[in-house]
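To start, the structure under review is shown below, and the notes come after it.
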Amino acid sequence: MVRTIELNKRQEHILQIVKENGPITGEAIADRLSLTRATLRPDLAILTMAGYLDARPRVGYFYTGKTGTQLLTENLKKIYVKDFQSIPVVVSENVSVYDAICTMFLEDVGTLFVVDGKSHLVGVLSRKDLLRASIGKQELTSLPVNIIMTRMPNITVCEKDDLLIDVAKDLIDKQIDAVPVVKQLETGEVEVVGRITKTNITKAFVSLAEEDI
Numbered sequence: 001m002v003r004t005i006e007l008n009k010r011q012e013h014i015l016q017i018v019k020e021n022g023p024i025t026g027e028a029i030a031d032r033l034s035l036t037r038a039t040l041r042p043d044l045a046i047l048t049m050a051g052y053l054d055a056r057p058r059v060g061y062f063y064t065g066k067t068g069t070q071l072l073t074e075n076l077k078k079i080y081v082k083d084f085q086s087i088p089v090v091v092s093e094n095v096s097v098y099d100a101i102c103t104m105f106l107e108d109v110g111t112l113f114v115v116d117g118k119s120h121l122v123g124v125l126s127r128k129d130l131l132r133a134s135i136g137k138q139e140l141t142s143l144p145v146n147i148i149m150t151r152m153p154n155i156t157v158c159e160k161d162d163l164l165i166d167v168a169k170d171l172i173d174k175q176i177d178a179v180p181v182v183k184q185l186e187t188g189e190v191e192v193v194g195r196i197t198k199t200n201i202t203k204a205f206v207s208l209a210e211e212d213i
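By UniProt numbering, the letter at position 169 of the sequence shown is numbered 169, and the numbering carries on one by one without gaps.
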């Protein structure tokens, strides 16, 4: 997958020639621009790899008809969770709310994933969950997190081969900060193997502008 590029004047001129005359050979394009085929080759390679042009042997180059926005959308649909997932922060279902607050602060995260004694995902703790618990008159050191957490199956999860754009939609639609990346086990339970947060999503978008992926 390639980044969305900003075209220079010669590349824009090439696109215009191909739009009006395609399919057209590289030699014919070079003749129209009064350039050698070797000089033109890098520009044609960039335009082809970026998706603006396509090429067929013995036929030539033709314009794909795709705008920069369309190419960006196509690129987004090729990014998977596994490409940008980060390490999950988990706590046991028996730890206290106080300990969970300390973990969230020390790890600098907004969401904790709660697991049982077999490391299976059983719940999720958000900042809001911990804030609500701390506002009450309960003793936080003796209150277990399994009392206040969101439980399975009411948890949005994803897997490593899911499209990142689909997870981004879940974060927006459900107004949550993070989604656990899980591995389905034969027993029916799930194991947490990663996390996708708004920060991960942001990194993915930035990479489209700065990197060849």
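Glycine is no exception: its CB is placed at the ideal position from the N, C-alpha and C atoms.
What you are looking at is a predicted structure, and each value in this text was computed from that prediction instead of being measured.
- Val-193 and Gly-65 have their C-alpha atoms roughly 40 Å apart.
- Under the three-state reduction of DSSP output, Tyr-98 falls in the helix class.
- At a cut-off of 4 residues, the continuous stretches assigned as alpha helix (DSSP H) that sit fully inside the UniProt domain "CBS" (149 to 213) are 164 to 173, 198 to 210.
- Under DSSP, Pro-144 takes part in a beta bridge, and its partners are Ser-96.
- Counting along the chain, Leu-131 sits inside the alpha helix (DSSP H) bounded by residues 127 to 135.
- Taking C-beta atoms as the reference points, Val-145 and Val-95 count as a pair closer than 7 Å.
- Approximately 7 Å separates the beta-carbon atoms of Glu-191 and Leu-121; this is inside 8 Å, confirming the contact.
- In the structure shown, Thr-103 adopts helical secondary structure according to DSSP, grouped into three states.
- The DSSP-derived three-state label of Val-89 is coil.
- The distance from the Cβ of Lys-78 to that of Asp-161 is about 12 Å, inconsistent with a contact at the 8 Å cut-off.
- For Leu-15, the enclosing alpha helix (DSSP H) begins and ends at 9 to 21.
- A distance below 6 Å between beta-carbons, with the five flanking residues on each side excluded, links Ala-133 to the following residues of its chain, in chain order: Val-97, Ile-148.
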